[in-house]
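Inspection log for the structure reproduced underneath, given as structure tokens.
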Amino acid sequence: MNANTDTNFDNDNIGELNLREIIFKYLHYSKLILFSLVFFLVLGYVYIKFQTPQYQIETDLLIKDKSTNGPQDDILKGLDLFSSDKIIDNEVQILKSATLMEKVVRALKLDVSYFESEGVRKSSLYSNSRPFQAQLINPNELSYKDGYPVVLNENGFETGGKTYPYNKPVQCEFGQIIITSKGISPEFLHKKIYIVFQKIDAVVQRYRNQLSINPVSKEGTVLIITLQDAVPKRGKDILNRLIFEYNNAAIQDKNKVTSSTLNFITDRLRNLSQELGTAEKNVENYKSQNRITDISAQSQVFIQSTQQNDAELSKVNIQLSVLNNLQNYINSSKDLSGVLPSMLGIEDPTLLGLVSQLSESQLKKQSLLQTIPETNPIVTSLNDQIRSIKAGIDQSVKNLKAGLLITKQQLQEKNAKFESVITQVPGKERGLIDVMRQQEIKNNLFTFLLQKREEQEMALASTMADSRTIDEARSSQAPVKPVKPLIMLIFFFLGLIVPAGYIYLKEVLNNKVSKKADIEKMTRVPVVAEIGHSEQSTPLIVVDKPRSMVAEQIRALRTNLQFISSGVDHKVLLFTSSISGEGKSFISLNLGASLAMSGKRVVILELDLRKPKLNAVLEIDNSKGLSNYLISTFSYKEIISNIPGQENYYIITSGPIPPNPAELLTNGRIQTLIEELKADFDYVIIDAPPVGLVTDAQILGEFANATMFIIRHNYTFKSQIGMIDQLSKTGKLPQINIIFNSIDYTSSGYGYGYGYGYSYGGGYYQEDKPSKKSKLKNFFR
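For the sequence shown, counting from 1, position 19 maps to 20 in this note's numbering; every step adds exactly one.
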């Protein structure tokens with residue numbers, strides 16, 4: 002007997018994808034895919050309905066690139082520490098800062114929200130559409146939870162089953178509140194409005210996260226500020242208010258020095274006003290007491306010269322005072338910060354330029370510290386720059402003070418000369434000159450300060466922020482979220498991906514033979530027949546249902562037998578499988594019936610000695626059979642039986658169950674039996690036990706011409722196919738051929754059912770009974 006030893010096969014095509022096979026595999030689940038598509042599209046529609054539409058609010062802001070002049074700036078520009086894009090990044094961080102957003106939230110009272118029910122979602126009320134104003138005075142642990150419903154009436158509002166008056170603080174379940182209303186319009190009467198109180202920090206953080214600020218280009222200084230909000234007007238108010246607060250903060254930073262100077266002048270004017278009034282009163286009293294109406298021209302000229310000298314001396318004293326204040330600031334400002342003192346009366350361009358550079362550097366540092374830490378290299382460079390500027394200011398102050406002290410000394414010497422001249426003036430006239438001189442000094446100084454105050458106020462009023470709003474905040478005409486086509490497309494793909502993933506995972510995790518290709522990939526043993534799935538419970542389907550598909554496929558198997566052991570006239574066919582329930586008894590029984598119907602004399606041996614089954618299916622007496630024959634010497638003709646209603650078809654049942662089946666098969670009697678049967682029959686069919694459970698099939702293999710190994714689709718494990726190659730390679734079973742059984746062409750997998758079953762000793766195997774699958778199960782299959 003020849004064994005198939007060519008078990009080496011080509012693995013090159015194992016990984017190749019059969020596109021047609023994949024397409025048909027997924028098309029088979031068309032109902033499941035269609036159901037998934039419909040389900041997810043409906044889910045997408047419901048999702049869109051529950052989403053609150055969001056509008057895109059946008060405004061454009063131009064940041065003016067202010068240049069500075071100075072040697073330190075040139076160095077820093079060379080290091081690219083303050084290039085335009087870095088300045089823009091700083092301004093973006095300032096615009097997104099919590100400080101500015103908190104001012105916006107407080108100004109617009111965004112910590113309290115109002116909603117009304119609108120279908121499956123709530124719509125927000127804002128501004129003119131808001132029927133009242135609520136304020137949380139004293140919160141409790143329930144204040145910041147879900148929204149609280151309020152029903153509006155003519156004289157009060159109702160919440161928690163109680164009615165409270167308008168415009169008065171009241172204590173309710175979510176804290177002490179006050180609802181202000183000037184009158185409820187009829188459309189809101191007896192209508193439920195939801196109030197949601199939120200913590201300021203939470204609202205600030207939410208709007209900061211929603212805020213998007215991007216430069217129009219890498220080199221440009223125009224910022225595009227966008228925000229998404231369910232209420233367009235609220236979004237526009239937020240952006241416009243944010244720009245206002247941003248510009249206001251920038252102006253306040255720029256006006257610090259001017260405000261300091263203005264405060265200094267105001268204080269001096271207040272004191273001088275009193276001193277000037279006193280001096281004028283002294284002049285009036287002196288003239289009244291001495292009855293003086295005029296003085297001589299000489300005295301007038303002298304007074305004018307004295308007054309001019311005194312005015313210059315006052316200016317010098319003011320300048321020295323300002324320089325002393327500046328020098329004290331330079332020497333005492335250890336943290337390199339603070340408001341610079343007033344530069345009133347100082348006209349030196351070098352010193353003024355240095356002070357201006359110092360002010361700008363300090364403002365720039367304060368702006369940077371809002372976004373970066375003190376240890377950042379940019380801040381460190383700015384600190385070095387500020388120290389360098391202060392050193393230059395200190396040296397300039399010293400030089401300027403030295404010059405002013407010389408000037409002061411010269412003016413004091415002139416005063417001394419004027420004093421000597423005054424002694425030559427008549428007594429009354431001299432006294433008048435003294436009091437008028439004091440008056441004129443105060444008056445000139447007062448006029449000078451008034452002029453400087455006007456200059457500072459004009460500077461304060463004319464201060465502009467370094468930005469310009471190009472476009473006021475504007476809203477999109479239609480909501481930008483949810484994007485209905487995109488969401489429906491996502492859910493459409495989910496409807497495809499979910500069932501496809503299920504099918505793929507089912508395929509990947511399936512460790513059973515699901516198609517013929519699985520067999521061909523793992524073994525060279527040929528597949529000689531493919532038998533379809535049948536729900537019929539009749540054991541002889543080729544007889545009872547001769548026109549069925551399964552009967553036709555068994556006849557095709559009968560035809561293929563002529564190519565198996567073609568040179569043998571009387572063939573012995575061994576039917577086995579790897580495990581129970583794969584249909585070997587069904588195939589062997591029906592193949593024998595088909596051969597008998599073609600005129601061949603056929604006998605089937607029920608060599609399943611451990612758990613006989615065929616006799617019960619065919620309702621044949623099993624009191625005497627193969628087990629009796631193997632332990633005795635009588636002829637097989639005493640135990641052979643004709644299968645009822647079948648001409649030329651005989652069966653030898655197993656007989657009583659023996660305690661040692663394997664030992665009986667090796668005593669030599671089975672060989673004698675098969676030789677006798679070969680002389681009298683054209684085909685001897687051996688229905689052997691599964692080769693994976695017991696060794697009986699391997700013992701019987703030496704008496705067979707060919708082996709029919711049954712593999713049941715979606716039942717036999719792929720790992721068991723390797724056993725076929727091993728049996729073929731070692732020659733333990735002759736000329737192995739595979740019959741692929743129970744193919745269900747109506748599903749992607751295969752199932753098979755039989756109406757009988759049996760078990761062996763400690764193990765168990767059975768051929769399944771037909772079962773009606775539910776419509777839902779069939780749908781998903």
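The beta carbon of each residue, even a glycine, is placed where N, CA and C say it ideally should be.
Assignment of beta-bridge partners to residue 643 by DSSP yields 651.
Classified as buried, residue 582 has 16 or more neighbouring CB atoms from the shown chains inside 10 Å of its CB. Between residue 273 and residue 169, the gap from beta carbon to beta carbon reaches 8 Å or more. Cα atoms of residue 454 and residue 305: separation of roughly 26 Å, rounded to the nearest angstrom.
Contact annotation, residue 706 with residue 588: C-beta distance approximately 17 Å; criterion of less than 8 Å not satisfied. Here residue 362 is near residue 390, since their CB atoms are less than 8 Å apart.
Spatial neighbours of residue 171 in its own chain (CB-CB distance under 6 Å, excluding positions within 5 residues in sequence) are listed in chain order as 165.
Annotation for residue 358: the continuous alpha helix (DSSP H) segment containing it runs 350–370. Residue 643 places its beta carbon 8 Å or farther from that of residue 637. Residue pairing for residue 576: DSSP places it in a beta bridge opposite 688 and 709. The region 539–585 is shown to contain whole alpha helix (DSSP H) runs of 4 or more residues at 542–545 and 550–561, in chain order.
Sequence-distant Cβ neighbours of residue 131 in its own chain, meaning closer than 7 Å and more than five residues away, are 115.
One alpha carbon belongs to residue 394, the other to residue 352, and they sit about 6 Å apart. Taking a 10 Å sphere around the C-beta of residue 133, we find 16 or more other C-beta atoms and assign the residue as buried. Per DSSP, reduced to three states, the secondary structure at residue 617 is helical. Take the alpha-carbon of residue 176 and the one of residue 159: they are about 15 Å apart. The Cβ-Cβ distance between residue 262 and residue 345 falls below 8 Å. Within the same chain, 409, 412, 413 and 416 come within 8 Å of residue 314 by CB-CB distance, once the 5 residues on both sides are set aside. Using a Cβ distance threshold of 8 Å, residue 668 and residue 631 count as a contacting pair. Short of 8 Å from the beta carbon of residue 397, and not among the five residues preceding or following it, lie these beta carbons of its own chain, in chain order: 349, 351, 352 and 355. Sixteen is the threshold: when 16 or more other Cβ atoms of the shown chains lie within 10 Å of the Cβ of residue 593, as they do, the residue is buried. If you draw a straight line from the Cα of residue 109 to the Cα of residue 383, it comes to about 37 Å. As the crow flies, the alpha-carbon of residue 540 is around 36 Å from that of residue 24. By the neighbour-count definition (other C-beta atoms within 10 Å, threshold 16), residue 487 is an exposed residue. Of the residues 318, 738, 379 and 280, the one whose Cα lies closest to the Cα of residue 404 is 318. In the pairwise beta carbon analysis, the region 678–687 is classified as touching the region 601–609: at least three pairs are separated by under 8 Å. The beta carbon of residue 734 sits closer than 6 Å to those of 702, 708 and 728, all from its chain and outside the five residues before and after it, given in chain order.
Three or more pairs of CB atoms, one per stretch, sit closer than 8 Å, so the region 494–513 contacts the region 32–39. Note that the C-beta distance between residue 99 and residue 271 is not below 8 Å. In this structure residue 725 is not in contact with residue 544, their Cβ atoms being roughly 30 Å apart against a cut-off of 8 Å. Comparing alpha-carbon positions, the option among 611, 653 and 633 lying closest to residue 623 turns out to be 653.
Annotation for residue 482: no alpha helix (DSSP H) segment contains it, and DSSP assigns it neither H nor E. With a beta-carbon spacing of about 5 Å, residue 125 and residue 231 fall inside the 8 Å limit used to define contacts.
The straight-line gap separating the alpha-carbon atoms of residue 41 and residue 117 is approximately 29 Å. As the crow flies, the alpha-carbon of residue 477 is around 6 Å from that of residue 58. Taking every protein chain shown into account, the CB of residue 64 has 16 or more other CB atoms within 10 angstroms, so this residue is buried.
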